[in-house]
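Below: one structure, written as structure tokens.
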Amino acid sequence: MPTARPLDDGFLALSYGQFASTARNTLTFQITPRLTGTFRYAVIDKLDSPDGTRYDRSFDVSYLLWEEGRYNPAIAIGLRDLGGTGVYSSEYIVATKNFGKLSGTLGLGWGRLASRNPFSNPFSFVSEKFENRPSALGGTTGEFDTGSWFRGDAALFGGLSYAVSDRTSIAVEYSSDTYELETQFGGQEPVKSPFNFGITHRFANGVTASGYYLYGTDLGFMLSYQLDPSRPRLNGGRDPVAPPLAPRNAAASLSWNANGAEGQLEQALEQRLEDQGLILSALALSGQSAAVTVENRLWPAEAQAAGRAARIMANTLPPHVETFTIYFEANGVALSSVTVHRSDLHELEFALEGDWNMRVRSIHGDGYNGAPARPVPDAYPNFEYAIGPYMAVALFDPDAPLRYDIGVQALASYEPTAGLIFSGGLRYPLVSTIDDAIRRSNSTLPRVRSDGFEYASQSDLEVNHLTAEYFFRPAPDMFGRVTAGYLESMFGGVSAEVLWAPVDSRLALGAEINHVYQRNYDMLFGFQDYNVTTGHVSAYYDIGNGFHGQLDVGRYLAGDYGGTFTLTRQFDSGFRLGAFATLTNVSSEEFGEGSFDKGIFFDAPVTFFTGRATRNRLQRVIRPVDRDGGARLRVRNRLYDMTYDYRAGELADGWGPFFR
Amino acid sequence: MKRIFSLIACFIFGLSGCAAVTQLASGEQELDPRFERLFNSDAPKYSFYAQSSGVRSVLVLLERGEGTSTWIGPFGEGMIVRDGMIIGTRGFGEGLIAVDLSEVLPLILNSQMGQAERFHSYHAFGTQTEVRAYVCDVTPMGTGTVLRGAQAVSARTVEEDCTGPSGDFINKYWIASGEVIQSRQWVGPRLGSVTIGLQEND
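Structure representation (structure tokens):
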């Protein structure tokens, strides 16, 4: 039963529940204080036939219309299963009010929520159209069935819950849902009573467990967990203490400063930075200024990397050097710069509001030109490789909710000079259930993505990518990339991109053009006949309050034209959650199941959970189905992602960790 | 429960998820090489005892700055001290960034009765910091004895009773020859009070 009570703003809730023939997993996100979104993955036995199992994905949204006051209840409006396959298709308006320990809910439901004691739709006074509800199950799945929302008969539902203690509550509800679909093939016994009874207990570790007696026939349970993405598990962090500043005059007596041996100084600096996860690629000393170019391999917050680099410079460079500029680079190009004064470091290292004062007194630069030109002797050529296990996961295949590959992968890169990178990635799956999939694509479009199973089943050793990349800065505020070779598992060719992203700007613009050939299913070196020119122009905008919008308009892999809109909510903790939808000139019939490409994603820094510094992130895109319409090339190292963390807007948002 | 979480994380995120959760579940930490090197030297050391967690440890002097000193624990935890007073912690999972002691410090070091303010700044959620203010009553408590190694040292004791909107705490200091040689000081809500004592070098 829905209630009018949202989660706390920004909270994420996960739940698993089971009763009779239904198992339900939900992921709920409080998108704004009033808007709630839920993704539901249900496994229902005997829904469509006496021996079939339905794996059903659906989305719900609800909106709090009126907050609870002293006399008035909270009132919310909600849509269930608005873009899915229609099993849970329903709408409601609901009111909830607290009376001390007692809380009461009364609601009006449509669709599935109007299957018990329905009466004619009160909205039919407005228009006769509301009297009848078109069958959702008969329509094309995945479309937003606006035509049926709040249509047809309505029914009342309601309930009471009573808080026995701070952690335990009991509840009774009157349900207007008769589970017609679940009971028709005997997956669930016919509902005997509209009354359900439940008890809920919240444990100290944040897990909530509930037990129910439902519909006079079944027992059920649910486990749920709430997470606040704005609050890292260990707020204070577990990072080893930064090298503290030694008195400034102590730097004079360091051997390399005493005898003026610049080579020795360079080596000492390189070693000390490396101990802090910062790879030095260039150093320039002139008069009272020093500049370094470093790649941050460890710190999730760039301000923290800047703070550590600055302290190491202060403990290593001759005492007369006053101004430090740190250029951050990735793939051989400078992404941004931070300039600080040595005397400020000494003054503010342990000052009460040192981080904030440091932010005011430092300069965030674009990093274009100005970076030290001469690399340190062993910076280039740079060869790196890694061999290790990997695990790839495919979720929500219609025949099995989870498929995976476990195997060995090798990655190698060779960078002869700054910005030019030859790299490759190979995988050899040892255990795979992905290639057990039996469904073959029924797509009428060029099969640019829906042949994924063919790639999995017809390959042994996979060449995941094998490319030459060149990164450059064509002008201030601009970045460029050219990539050629086997760009991704399914496509090879050439890709070129430019990005305009001024420091401190809310807006960034980009353009990308690619000409690609579809690779053979064996994922080795051959190509199929299909080739396409695809590309997009993109706008990225920092809306404020942690919301970021992205619009990509252009031509997709199947040759279709259209646009993708992505909305992301980012927390200061580095946690990101978002949703995207792509509409192209492919009709929903041509697109097939799902009608158009859409999905949700989350992206959390590992350090959020462990408190230890690492740049690793946990990322997952959840797409109801992977089809061929609105599909984009998955080229590596797109410029916006590469520069995002380092452009000064982000650096300024996260200046707090400078002295951590 | 942790096992279930780790299994879920593995399957949703692949190996990076597994690794993160395994690290989280085991609580395993690496010895900091700087601590290892200094522990076996004659660098000054503090004994360290955190009341709430029961953790006993040793902190070794890592660096003396201008008026401050930074001490490092076995796993890289850092404690920053000025005149025997804790003015910062790092890596304890309690981010005490800095403390402004300019008002209370003279009262404590001079064993003088009086009222003064102190300010703490903490890592707030995400990347921000948060300042908390306390009003403290400093009271000299007479003379006591502190064990330093095998030797009993006579020390003046001072209590500092602090109240603030975000909590109350009582600190206690043992002072000999103008130096705080032992103390019990409140760090923050997670770490609680810690007792530190300068160790006598053998």
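Residue numbers (our numbering), protein chains in the order written: chain P, 422 to 1081; chain U, 1425 to 1626.
For each residue, glycine too, the CB sits at the ideal point set by N, CA and C.
{"Item": "Closer than 8 Å to chain P by CB, U:Leu-1455", "Value": "no"}
{"Item": "Nearest neighbour of P:Phe-450, chosen from P:Val-1007, P:Leu-998, P:Phe-624 and P:Arg-1055 [CA to CA]", "Value": "P:Leu-998"}
{"Item": "DSSP bridge partner residues for U:Arg-1458 (one or two, in chain order)", "Value": "DSSP output for U:Arg-1458 lists no bridge partner at all."}
{"Item": "Inter-residue Cα distance where the pair is U:Met-1565 and P:Arg-588", "Value": "44 Å"}
{"Item": "Interface flag, P:Arg-1055 vs chain U, CB-CB below 8 Å", "Value": "no"}
{"Item": "At least three beta-carbon pairs within less than 8 Å, the segment 801 to 809 of chain P to the segment 683 to 694 of chain P", "Value": "no"}
{"Item": "Cβ contact (3+ pairs, closer than 8 Å) linking the segment 783 to 790 of chain P and the segment 808 to 823 of chain P", "Value": "no"}
{"Item": "Backbone CA spacing between P:Asp-502 and P:Ala-922 [nearest angstrom]", "Value": "38 Å"}
{"Item": "CA-to-CA distance, P:Leu-635 to P:Val-593, given in whole angstroms", "Value": "10 Å"}
{"Item": "Beta-carbon neighbours of P:Gly-775, restricted to chain U and to distances below 9 Å", "Value": "Ile-1521, Ala-1522, Ser-1545 and Thr-1553"}
{"Item": "Beta carbon proximity, P:Leu-655 to chain U, threshold 8 Å", "Value": "yes"}
{"Item": "Stretch pair the segment 627 to 644 of chain P + the segment 660 to 668 of chain P: three plus CB contacts closer than 8 Å", "Value": "no"}
{"Item": "Contacts of U:Arg-1556 in chain P (Cβ-Cβ under 8 Å)", "Value": "Simply none; closest approach about 10 Å."}
{"Item": "Span separating the alpha-carbon of U:Cys-1586 from that of P:Thr-1064", "Value": "46 Å"}
{"Item": "Separation of P:Phe-1017 from P:Asp-857, as counted between CA atoms", "Value": "26 Å"}
{"Item": "Nearest candidate by alpha-carbon position, reference U:Trp-1610, set U:Gly-1478, U:Ile-1510 and U:Gly-1489", "Value": "U:Ile-1510"}
{"Item": "P:Phe-992 - partner residues in DSSP beta bridges", "Value": "Beta-bridge pairing links P:Phe-992 to no other residue."}
{"Item": "Three or more C-beta pairs below 8 Å linking the segment 740 to 750 of chain P and the segment 1495 to 1503 of chain U", "Value": "no"}
{"Item": "Partners in chain P for U:Ile-1511, counting only beta-carbon separations shorter than 7 Å", "Value": "Phe-771"}
{"Item": "is_contact[P:Leu-666, chain U] using C-beta, thresh 8 Å", "Value": "yes"}
{"Item": "Selection of the segment 1470 to 1497 of chain U by Cβ proximity to chain P, strictly under 7 Å", "Value": "Leu-1486, Glu-1487, Gly-1489, Glu-1490, Thr-1492, Thr-1494 and Ile-1496"}
{"Item": "Reduced DSSP secondary structure (H/G/I, E/B, other) of P:Trp-677", "Value": "helix"}
{"Item": "Close-in-space but distant-in-sequence residues of the same chain around P:Gly-559 (CB under 7 Å, 5 per side omitted)", "Value": "Unreliable placement is indicated for P:Gly-559, whose pLDDT of 47 sits below 50; no coordinate value is reported for it."}
{"Item": "Start-end ranges of the alpha helix (DSSP H) lying completely within the segment 977 to 1037 of chain P, minimum 4 residues", "Value": "1009 to 1012 and 1027 to 1031"}
{"Item": "Status (buried if at least 16 other CB within 10 Å, exposed otherwise) for U:Glu-1487", "Value": "buried"}
{"Item": "Chain U residues whose Cβ lies nearer than 9 Å to that of P:Pro-1045", "Value": "Within chain U, no residue comes near P:Pro-1045; the closest Cβ sits about 16 Å away, beyond 9 Å."}
{"Item": "Straight-line Cα distance separating P:Ala-751 from P:Ala-724", "Value": "16 Å"}
{"Item": "Alpha-carbon spacing of P:Lys-467 relative to P:Leu-602, whole angstroms", "Value": "9 Å"}
{"Item": "Span of the beta strand (DSSP E) around P:Met-899", "Value": "899 to 907"}
{"Item": "Residues that U:Ala-1522 bridges to, as DSSP identifies them", "Value": "U:Ser-1545"}
{"Item": "The segment 905 to 917 of chain P contacting the segment 870 to 887 of chain P, beta-carbon criterion three pairs below 8 Å", "Value": "yes"}
{"Item": "Spatial neighbours of P:Leu-866 in its chain, beta-carbon cut-off 7 Å, leaving aside the 5 residues before and after", "Value": "Ala-979, Val-1007, Glu-1011, Asp-1049 and Gly-1050"}
{"Item": "Min CB distance U:Glu-1501 to chain P below 8 Å", "Value": "yes"}
{"Item": "Cβ contact (3+ pairs, closer than 8 Å) linking the segment 967 to 983 of chain P and the segment 943 to 950 of chain P", "Value": "no"}
{"Item": "Per DSSP, cross-strand counterpart(s) of U:Val-1559", "Value": "U:Glu-1541 and U:Thr-1587"}
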